[in-house]
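Sequences listed follow chains S and C, in order.
Residue numbers for the first sequence, in my numbering: 1 to 643.
Residue numbers for the second sequence, in my numbering: 644 to 1023.
Note that beta-carbon positions come from the ideal geometry of N, C-alpha and C, so glycine has one too.
These numbers were taken from a predicted model, which means no experiment stands behind them.
Since the structure comes first, as structure tokens, the remarks are kept for the end.
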Amino acid sequence: MTMLWRGLRPLTIAGMAAGLMAGPLAAQEYSEAPMLADMVAAGDLPAVTERLPDSPEVIEPLESIGTYGGKLRRVLGGSNDHNSILRIVGPQGLTRWNPDFSEVIPNVAESWEVNDEGSEFTFHLREGMKWSDGTPFTADDIMFFVDDLLHNEEFYPNAPARFVVSGETMTAEKIDDHTVTLKFASPYGTFLTELATPLAQEPVIWAKHYCSQFHPAYNDDVQTMVDETEAVEDWAALFRLKCGEVEAPNRWSNPERPTLDPWVATEDAYTAGATQVVMTRNPYFWQVDTEGNQLPYIDTLEMNVAQDNQAIVLEAIAGNIDMQRRRIDVLANKPVFAENAEKGDYHILDVINSLSNAMAIHFNHTHKDPVMRELIRNKDVRIALSLGIDREEIIDIVYQGQGEPWQIGPRPDNVLYNEQLGRQYTEYDPDRANELLDAAGFDQRDGEGYRLLPNGERFTFDVQYTGIEQPDWGDALEIIAQQWEDIGVDLNISSVERSIYYSRGEANEHDFMVWGAPGGLDPTLSPRDVLAVHPQASWFAIPWTRWYLSGGEQGEEPSESMKKRLELYEAFKAEADQAKAADIFREIHQMAADEFEIIGISLAPNLVGVVKNGLANVPGSIPGSWMYPDPAPTLPQTWYWEK
Amino acid sequence: MADDTDPAIAAKAGPRGRDVAIASQWQLIWWSFRRHKLAMVGIWVIGLFYLVSLFAEIVAPDDPSEQNRRAVFHPPQMIHFIDRQEDGGWRIKPYVWEMDRERDPDTLAITYVPSGEKIYLQVFGRGDSYKLWGLFDWNVHLLATERPRDHYFLFGADRLGRDMFSRVIYGTRVSMSIGLVGVAIAMVLGIALGGASGYYGGRVDAVIQRLIEFTLSLPTIPIWLALAAALPPSWPVYQQYFVITLIVSLVGWTELGRVVRGRFLAMKNEDFVIAARLDGATERRIIFRHMLPSLTSHIIASLTLAIPLMILAETALSFLGLGLQPPAISWGVLLKEAQNIRSISQAPWLFIPGGFVVVAVLAFNFLGDGMRDAADPYGH
């Protein structure tokens, strides 16, 4: 496959070869964890050869063949940190990323074929593969998802966008028990990539034999169960409660739910109010190492639930976390981690940031106030505001000197890098900024030296940010407020709780919003800063996203440039030829660079995590991205404790 | 009331041998208060705090919001007064040692090493310009560096390189003022409504008591959350917080109101009240001259407890996103900014404001203690 990631700088883990399709080993060579061997001996479990698929996926561990046993400790942040579990256990989709985030490789699917047009994908499943309760995993499970859930309006009032092309929802055809074809109305060039991202696991997360009991097509009595369950109003809610959904706590709260994951929930599941979550090995896990040892090596995952991030930092420096970067990964923590590394017996993990910018400023191009809207839509004003920021100072103070002045767009080492999009107007030039603002008609000033708007009010921006999660944005904004004083612009900063932040933004009640800019390494997967496509993150023009998502019925008609870009985006999604698709995206980036809608502060610096000494097969540096749900693609099932 | 010829009192000659027997009530109060040593300490400390907050611009060497990339996590500096010169001579001239910043390329930790240069300080020297009380443009500081581009850090600097000493000074001004307005309003409301309820009884009492019950039944946290969402974000942070304290005080008067009512109910049939009434004293005089003074000790006690509570509550409210938020500066904000592992391990001086909270709270408590004892000079 040619992927858009090929230009990625060779990472330290590039040498980590994923074991692809090594020939099946003879059945007698498989071995298993002692805890499972005991259960087999006691007659509680079938033999390992019966539990594994006919040809299990053979993984070559990063450094060495491991030994069984031990536990891996992590800490969850509160009762809504389900994605922390997803990122280490969950992303067992049809495809997955190879460890260096450069290519999509087979995962649950053993192999696939794509038709010439790029609209039909035939997946070959592993014969003899089983769910964690021992029931065979077959094409019927995928058919169940497509026919009974994806096309069921009670379950999905709107089918997820990743399974819809040209307005038509994906369909499926079962070829035989282990072969299934997924079909789209027109070419879908990015489908295999999409399947490797965390949200596209739906085809293989619901076991038909278990989940169908919550579906009215299979169970006439489902309404009785709905009535008996508290806080559940219809079968779809009951289904999600019992069988989980990709991105929700309930995916990890039901120990009975069969999965394809390396570790499965136990009685200590992730339920509301849980203080510790324990997951244990899946005896039917379908991967083995090159010597035929069934994975995972580590017996259990133990995840304590902490209520605030500082508590997680404390656990990390005390050496009570075995591998984690989530919630503690800001660079400001690095000196603290370094200082305590010896005492806590851990080392520092380098996480390559996939973000483009650590902090992007989304001016609201669709502001409700016509005066503000006109001001914001004036490109010279935006240039002046950008020139009025001394990014070097912010980087030095807030980002430990580790970033570089940057706007948005793919990082310099990405194939889609656009220098103009990334670096235009990043120099600090308050004199030029003042000239531009004077020329734009804001040359009147009040008694305190602030500029005045045509309506006589002070040139003021109100900005909200989520201070609890992102204190660094508050620091940066305070510095910007001081710097903008020199160009006569007033900045009124307030930290708000996250739900208030979202409600203000979705109601289009903001002057500007601050958020991290994704798309540094994954520009085509996270294009929300150059395309108004995300109703909860394209803050620079929320009504435009509504216009786009509703096919022009709601929201507000975007600018000409944005309309053209959205058309190009549709063309990109349909383009099967990856080289042509990349060119389309280059055009999108160029138009975004010319429009200059959003400004940024600093190329996102790398992040940090901790890895306990003695935990083997963990790369020294990993890419960090939601689309590459780290650390799962580095295969935690191959980690083990050195004796 | 008290009998002037009581030997127990006559024996307690006032300070410097003055005669207690002929002293006025206020003199008695003052003498009694002065005997309370801790209370005297308290009043001096509080006086000093208010003096400093009044002249915060002059006392603070720097603009408290001025970031300085060369001073991120600068440690506190000692001011030296005796300047030894190379030729062996010496003079009295305050100075600090200049520190250079270094960043470890691997751990990214910042360290400061002395450069060997001295930064000389000047009493009432020129520094940042400011507007004193929003009225006068001035640039004189109590202790300024001789060269305006230099800085010194008595209490160190925070993560943005802002001078902690200046921030503590400005924080004193906010912490010792805004919250107290709410306390004052709660007190006035509590005494007025509680007093009316207890004194008049009957229908007035019933209405006020139902009002108190209703107020107490309001769930406060959801109300505050709604407020936080409803207050216009364009308001400056101080104004938002001021409004919130006002609203908190509208809920906070109820407890004092109930106590005052109870005491008034009990007192209104006491002999001295009846005597005053029979003498034809007006209601106002009866309430303020005869009844309220017997409550002063209780009111003072609850007030002096309420003030430190308000100072502490400010921090708690900030946590919900309701209290003061940066860029506002108060002790609570400063402490909240220090609430992370990074500060403990790398910049412990960020906890200095905590010492000020403790000192202020203790001083108010001592003062209250002394005032309560002194308010009833005949009670010994």
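Do Phe994 (chain C) and Ala1003 (chain C) have their C-beta atoms within less than 8 Å of each other? no
List, in chain order, every chain C residue whose beta-carbon is nearer than 8 Å to that of Gly319 (chain S). Chain C residues near Gly319 (chain S): none, gap ~14 Å exceeds 8 Å.
Beta-carbon of Gly657 (chain C) versus every beta-carbon of chain S: anything under 8 Å? Here Gly657 (chain C) scores only 49 on pLDDT, less than 50, and its place in the model is too uncertain to base an answer on.
What three-state label does DSSP hand Thr815 (chain C) in the structure shown? helix
Within 10 angstroms of its Cβ, does Ile175 (chain S) collect 16 or more other Cβ (buried), or is it exposed? exposed
Taking 8 Å as the CB-CB cut-off, is Asp133 (chain S) touching chain C? no
Would you say Gln765 (chain C) faces chain S, with C-beta separation under 8 Å as the test? no
Taking the C-alpha atoms as reference points, what is the distance between Asp662 (chain C) and Leu671 (chain C)? 10 Å
Examine the Cβ distances between the segment 235 to 244 of chain S and the segment 293 to 302 of chain S and report whether three or more of them are shorter than 8 Å. no
The beta strand (DSSP E) enclosing Lys174 (chain S), as first and last residue numbers: 171 to 176
Other residues of its chain near Arg816 (chain C): CB distance less than 6 Å, five sequence neighbours each side excluded: Ser696, Ala699
Taking all protein chains shown into account, do 16 or more other C-beta atoms lie within 10 angstroms of the C-beta of Ser538 (chain S), making it buried, or fewer, making it exposed? buried
Verify the CB distance criterion: does Ser892 (chain C) have a CB-CB separation below 8 Å to chain S? With 8 Å as the cut-off, Ser892 (chain C) does not count as an interface residue toward chain S.
If we require 3 or more residues per run, which beta strand (DSSP E) segments fall completely within the segment 859 to 924 of chain C? none
Spatial neighbours of Arg162 (chain S) within its chain, please: C-beta separation below 6 Å, excluding the five flanking residues on both sides. Glu194, Ala200
Quick check on this structure: which residue in C:Met742, C:Val783, C:Ala829 has the alpha carbon closest to the alpha carbon of Gly799 (chain C)? C:Met742
The segment 111 to 125 of chain S in contact with the segment 183 to 198 of chain S per 3-pair CB rule at 8 Å: yes
What runs of the alpha helix (DSSP H), each 4 residues or longer, lie entirely inside the segment 299 to 341 of chain S? 309 to 317
According to DSSP, is Met830 (chain C) helix, strand or coil? helix
At the 8 Å Cβ level, is Ala338 (chain S) part of the contact set with chain C, yes or no? yes
With 16 as the cutoff for other CB atoms within 10 Å, does Asn309 (chain S) come out buried or exposed? buried
Identify whether Lys379 (chain S) lies in helix, strand or coil by the three-state DSSP scheme. helix
Supposed close pair Trp423 (chain S), Glu469 (chain S) - CB separation, criterion 8 Å: The sequence as given places Arg at residue 423 (chain S); Trp does not occur at that position. 28 Å between Cβ atoms; not a contact.
So, is Ala27 (chain S) buried or exposed, given that buried needs 16 or more other C-beta atoms within 10 angstroms? Since pLDDT at Ala27 (chain S) reaches only 47, below the 50 mark, its modelled position is unreliable, and the value read off the structure follows with that caveat. Ala27 (chain S) comes out exposed.
Would you list the residues sitting across from Tyr644 (chain S) in a DSSP beta bridge? What is shown of chain S runs 1 to 643, which leaves residue 644 (chain S) out entirely.
Can you give, in chain order, each stretch of the alpha helix (DSSP H) that sits fully within the segment 519 to 557 of chain S and has at least 4 residues? 542 to 549
Could one say the Cβ of Asp261 (chain S) lies closer than 8 Å to chain C's Cβ atoms, at least one of them? no
Below 8 Å, how does it come out for the segment 555 to 569 of chain S and the segment 319 to 326 of chain S: are there three or more Cβ pairs, yes or no? no
Helix or strand or just coil, what does DSSP make of Asp147 (chain S)? helix
Starting from Met359 (chain S), follow the beta strand (DSSP E) in both directions and report where the run begins and ends. 357 to 363
Indicate whether Arg897 (chain C) and Ile855 (chain C) have their beta-carbon atoms separated by less than 8 Å. The sequence shown places Thr at residue 897 (chain C), rather than the Arg named in the question. Yes, these two residues count as a Cβ contact at 8 Å.
CB contact below 8 Å: Tyr315 (chain S) versus chain C: Here residue 315 (chain S) turns out to be Glu, not Tyr, going by the sequence shown. Answer no: the Cβ-Cβ gap between Glu315 (chain S) and chain C never drops below 8 Å.
Just to make sure I have the definition right: I need the residues of chain C whose C-beta is within less than 8 Å of the C-beta of Gln637 (chain S). Which are they? Correct list: empty, because the minimum Cβ distance to chain C is about 31 Å.
Listing by chain order, which chain S residues have their CB less than 8 Å from the CB of Gln968 (chain C)? Gly467, Ser494, Ser495
Counting only C-beta atoms, is Gly997 (chain C) closer than 8 Å to chain S at any point? no
Opening and closing residue of the beta strand (DSSP E) in which Ile599 (chain S) lies: Start and end: 598 to 600.
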